[in-house]
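K.L.:
Residue numbers (this note's numbering): 19 to 140. Glycine is no exception: its CB is placed at the ideal position from the N, C-alpha and C atoms. One structure, pasted below without further comment.
Structure follows, in structure tokens:
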């Protein structure tokens with residue numbers, strides 16, 4: 019890497035975080051901005067906050083996606099609809115089944131809404 023290209027280097031890191039972590043990757047950008055307006059950016063504070071952000075993203079992705087979401091599925095498909103199908107087998111007919119259906123469709127609509135609003139805000 020040539021001297022004077024540190025801006026493109028750090029920009030590449032931020033873009034890679036966004037590709038790997040999706041919305042989780044863009045949230046630390048806003049988090050760091052807010053934290054450093056409230057906290058004095060000393061060396062210890064910067065390293066501590068960056069450590070918290072990196073470990074939070076790592077633990078979230080590991081637990082939520084690798085352990086939970088990757089195990090749930092049906093013939094290579096996943097998501098809220100598959101979760102509903104799994105719950106239909108476990109629940110008896112009635113209010114719990116209707117509530118599970120409501121939650122699954124709410125999850126789908128929140129996912130679609132997040133996909134629409136995130137690019138507009140960013």
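Does the distance from the C-beta atom of residue 101 to that of residue 69 stay below 8 angstroms?
P.N.:
Taking the chain shown and counting its residues from 1, the one referred to as residue 101 is at position 83. Taking the chain shown and counting its residues from 1, the one referred to as residue 69 is at position 51. It is not a contact, given that the beta carbons lie outside the stated cut-off.
K.L.:
Using the C-alpha atoms, what's the distance from residue 119 back to residue 98?
P.N.:
The count along the chain shown starts at 1 and reaches residue 98 at position 80. The count along the chain shown starts at 1 and reaches residue 119 at position 101. For residue 98 and residue 119, the distance between alpha carbons rounds to 10 angstroms.
K.L.:
What does the alpha-carbon distance come out to for the pair residue 54 and residue 117?
P.N.:
Position 36 of the chain shown, counting from 1, holds the residue named residue 54. Position 99 of the chain shown, counting from 1, holds the residue named residue 117. If you take the alpha carbons of residue 54 and residue 117, they lie about 42 angstroms apart.
K.L.:
In angstroms, rounded to a whole number, what distance separates the CA positions of residue 81 and residue 106?
P.N.:
Your numbering for residue 81 matches position 63 in the chain shown. Your numbering for residue 106 matches position 88 in the chain shown. Using only the alpha carbons, I get a separation of about 24 angstroms.
K.L.:
Which value, in whole angstroms, describes the spacing of the CA atoms of residue 110 and residue 67?
P.N.:
On the chain shown, position 92 is the one that residue 110 refers to. On the chain shown, position 49 is the one that residue 67 refers to. About 47 angstroms.
K.L.:
Span of the alpha helix (DSSP H) holding residue 76?
P.N.:
Position 58 of the chain shown, counted from the first residue, corresponds to residue 76. Where residue 76 is concerned, the enclosing alpha helix (DSSP H) stretches over 61 to 78.
K.L.:
Kindly indicate which three-state DSSP category residue 120 falls into: helix, strand or coil?
P.N.:
Position 102 of the chain shown, counting from 1, holds the residue named residue 120. Helix.
K.L.:
Would you mind stating whether residue 49 and residue 64 have Cβ atoms separated by less than 8 angstroms?
P.N.:
Locating residue 49 in the chain shown gives position 31, counting from the first residue. Locating residue 64 in the chain shown gives position 46, counting from the first residue. No.
K.L.:
In angstroms, rounded to a whole number, what distance separates the CA positions of residue 175 and residue 108?
P.N.:
Within the shown structure, residues of the chain are numbered from 19 to 140, placing residue 175 beyond reach of any answer.
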